[in-house]
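Written below as structure tokens is the structure these notes are about.
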Amino acid sequence: MKVDRIEVEQILLTHLEVVLKTKKVKHQLQVQLIELNVPVEEINSIISNVESVSNLDIPMLYGLTKALYEVTEDKIFNPDRYFGKREIKEAEIVLSQSVQERITLPIHFEECTKIKFDSYITKISIQNLVKLYDSQLIIYDDETQRGVNYKTNKSGGIVRTPIVNKASVKRIADKMASNSYFEDMITLNVFSSEVDPVTYNEESNTLTINDGAVISILDGFHRLQGGVVALQVNPHLDLELILSIRSYDHDTAQRYFGQINTVNVLMKERREELAQERLSDKVVANMQRKSEIGKQIASSNKVSDLVGELTTFDILSYAVDKVFKLERQFDVLQVSDYLIEFVAYLVGSYPAEFSTNVKLRGSHMMSHPLMFIGYIVLSHCMYENKIPLQKLSHYIDSINLTDEKLLDLLNKKKILTGNKRTREELIKYFDSAFRGVQSE
Numbered sequence: 045m046k047v048d049r050i051e052v053e054q055i056l057l058t059h060l061e062v063v064l065k066t067k068k069v070k071h072q073l074q075v076q077l078i079e080l081n082v083p084v085e086e087i088n089s090i091i092s093n094v095e096s097v098s099n100l101d102i103p104m105l106y107g108l109t110k111a112l113y114e115v116t117e118d119k120i121f122n123p124d125r126y127f128g129k130r131e132i133k134e135a136e137i138v139l140s141q142s143v144q145e146r147i148t149l150p151i152h153f154e155e156c157t158k159i160k161f162d163s164y165i166t167k168i169s170i171q172n173l174v175k176l177y178d179s180q181l182i183i184y185d186d187e188t189q190r191g192v193n194y195k196t197n198k199s200g201g202i203v204r205t206p207i208v209n210k211a212s213v214k215r216i217a218d219k220m221a222s223n224s225y226f227e228d229m230i231t232l233n234v235f236s237s238e239v240d241p242v243t244y245n246e247e248s249n250t251l252t253i254n255d256g257a258v259i260s261i262l263d264g265f266h267r268l269q270g271g272v273v274a275l276q277v278n279p280h281l282d283l284e285l286i287l288s289i290r291s292y293d294h295d296t297a298q299r300y301f302g303q304i305n306t307v308n309v310l311m312k313e314r315r316e317e318l319a320q321e322r323l324s325d326k327v328v329a330n331m332q333r334k335s336e337i338g339k340q341i342a343s344s345n346k347v348s349d350l351v352g353e354l355t356t357f358d359i360l361s362y363a364v365d366k367v368f369k370l371e372r373q374f375d376v377l378q379v380s381d382y383l384i385e386f387v388a389y390l391v392g393s394y395p396a397e398f399s400t401n402v403k404l405r406g407s408h409m410m411s412h413p414l415m416f417i418g419y420i421v422l423s424h425c426m427y428e429n430k431i432p433l434q435k436l437s438h439y440i441d442s443i444n445l446t447d448e449k450l451l452d453l454l455n456k457k458k459i460l461t462g463n464k465r466t467r468e469e470l471i472k473y474f475d476s477a478f479r480g481v482q483s484e
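Quick note: to get this note's numbering, add 44 to the position in the sequence shown (first position is 1).
In structure tokens:
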């Protein structure tokens with residue numbers, strides 16, 4: 045290399061984090077990496093954890109650099125600055141060989157039935173389904189799926205991995221490989237903000253997934269993984285699957301996924317989050333997307349210290365539902381906007397206490413997941429009485445974090461689920477406490 049590899053990695057790490065903050069640019073980068081034949085597992089690793097750049101071999105490092113240069117046109121990513129002509133030639137050879145018989149968009153499905161303008165049904169062989177996956181056309185979108193697990197890699201970085209029941213995948217693979225698996229349905233979602241995702245020809249009953257669209261697996265990830273394994277055991281496997289193709293936006297895809305789970309049942313908290321049946325669910329979903337603690341709101345029934353999560357979707361939604369009067373979408377918008385601003389003042393006033401780095405937090409009681417019930421009660425008090433958010437710290441500082449009654453409530457149960465009575469008692473506790481402060 046023309047430049048020390050460590051220096052190249054540092055440049056990529058610094059700029060990649062900025063690039064990935066923009067959803068449109070992130071999507072363009074994914075598409076460009078696919079075009080360069082960078083393997084899907086490498087793409088997922090880079091997108092979910094930029095520090096994985098240090099684990100890339102030279103061809104993949106070149107591919108990432110070139111993709112960034114193509115997308116941003118920033119000279120700092122020009123591969124010629126870092127790689128010699130021979131290295132570039134060898135890297136391009138490796139990348140060109142990384143995917144055999146790669147399928148590219150557009151792709152056509154004949155004998156396809158239109159159910160609605162955004163819903164179609166057809167069939168697909170397991171061979172072609174896996175080929176789509178191997179061609180990096182099918183992605184796992186954790187926001188419309190079961191979520192992710194967080195793990196640390198060898199270098200200490202945090203890696204996001206799909207939530208998969210390995211035993212279920214093995215059972216499916218064994219049955220498929222032995223030709224004893226009954227045809228089942230796979231659901232894909234095709235979406236894009238840049239092009240029309242799909243085109244349907246009414247005369248020929250042909251559905252086309254257009255170039256530039258993104259395909260995610262909406263239901264059947266375990267079956268897909270089982271198919272990948274089964275074909276390694278039995279390359280001549282002959283199995284047709286029912287294929288449902290949807291063209292949903294992000295929110296609709298989430299609600300659909302929350303509706304369908306059967307075999308590998310979702311955790312109750314994640315199912316409710318996706319379904320968004322309560323108006324309070326919509327408020328917290330807005331907080332996830334727009335507030336300063338959005339990425340620190342866990343979808344599961346527990347928080348992960350690895351990524352600095354603070355509380356759960358279920359806890360926040362419960363508190364919002366109990367203390368705010370939500371009757372229509374107008375209320376959702378108003379309360380969402382207020383809570384997003386409230387959280388900005390809360391985190392801004394106590395940055396260390398709500399840091400994503402758990403080690404920086406002083407009083408762990410202040411960032412206890414159930415304490416957010418208290419913060420929601422306080423937000424309602426200030427909202428109803430039109431108290432300026434600039435006075436927020438006065439109310440927070442009035443909380444006695446050593447009060448035995450409060451400590452008993454927070455530590456009553458080690459798990460955060462099945463504690464409805466505790467939650468109700470916390471609401472009463474904070475309602476009483478903040479009424480007292482207000483009257484002073």
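Where is the CB? At the ideal position from N, CA and C, for every residue including glycine.
Between the C-alpha atoms of residue i and residue j, what's the straight-line distance to the nearest angstrom?
i    : j    : result
E484 : D475 : Its pLDDT being 45, under 50, E484 is placed unreliably by the model, and nothing is read from it.
L56  : E134 : 21 angstroms
K403 : V94  : 22 angstroms
K219 : L285 : 14 angstroms
N245 : D162 : 14 angstroms
D441 : M409 : 13 angstroms
I431 : G338 : 24 angstroms
L451 : F416 : 14 angstroms
N308 : C156 : Below a pLDDT of 50, predicted positions are generally treated as unreliable, and N308, at 48, falls in that range; the measurement from the model is reported next regardless. Each residue's Cα considered, the two are about 28 angstroms apart.
I151 : T252 : 6 angstroms
Q76  : A111 : 5 angstroms
Q332 : G128 : 44 angstroms
N455 : S348 : 17 angstroms
Y439 : D365 : 22 angstroms
What is the DSSP secondary structure of residue i, counted as helix, strand or coil?
i    : result
L285 : strand
S260 : strand
Y164 : strand
H412 : coil
H152 : strand
T157 : strand
T355 : strand
R290 : strand
K198 : Because the pLDDT of K198 is 49, which lies under 50, any placement of that residue in the model is unreliable, and the question is left without a value.
S423 : helix
I183 : strand
I417 : helix
A135 : helix
A477 : helix
I120 : helix
Are the CB atoms of residue j and residue i within a distance shorter than 7 angstroms?
i    : j    : result
H424 : V376 : no
E336 : V391 : yes
S380 : E397 : no
A211 : V277 : no
I384 : V421 : no
I261 : I182 : yes
G264 : A217 : no
V82  : G107 : yes
L287 : I168 : yes
L73  : V115 : yes
R125 : S179 : no
V508 : I259 : In the structure as shown, the chain begins at 45 and stops at 484. Residue 508 is therefore absent and cannot be evaluated.
E53  : S98  : yes
T466 : L453 : yes
Buried or exposed, going by whether 16 or more other CB atoms sit within 10 Å of the CB of residue i?
i    : result
F478 : buried
K46  : exposed
P123 : buried
P413 : buried
G406 : exposed
R290 : buried
F153 : buried
Q340 : buried
P395 : exposed
Q298 : buried
For the beta strand (DSSP E) containing residue i, list its first residue and its last residue.
i    : result
N245 : V242 to N245
F235 : M229 to F235
L251 : T250 to I253
Hey, could you find the ends of the alpha helix (DSSP H) residue i is sitting in?
i    : result
V94  : That residue, V94, is in no alpha helix (DSSP H); it is neither H nor E in DSSP.
M331 : L323 to K334
D218 : K210 to A221
H71  : K67 to E79
D452 : E448 to L454
K175 : I170 to D178
M104 : I102 to T116
Y439 : L436 to D441
L275 : F265 to V277
D381 : Q373 to S393
E61  : R49 to V63
Counting contacts by CB-CB distance shorter than 7 angstroms, is residue i in contact with chain D?
i    : result
E246 : Of the protein chains in this structure there is only one, and it is not chain D.
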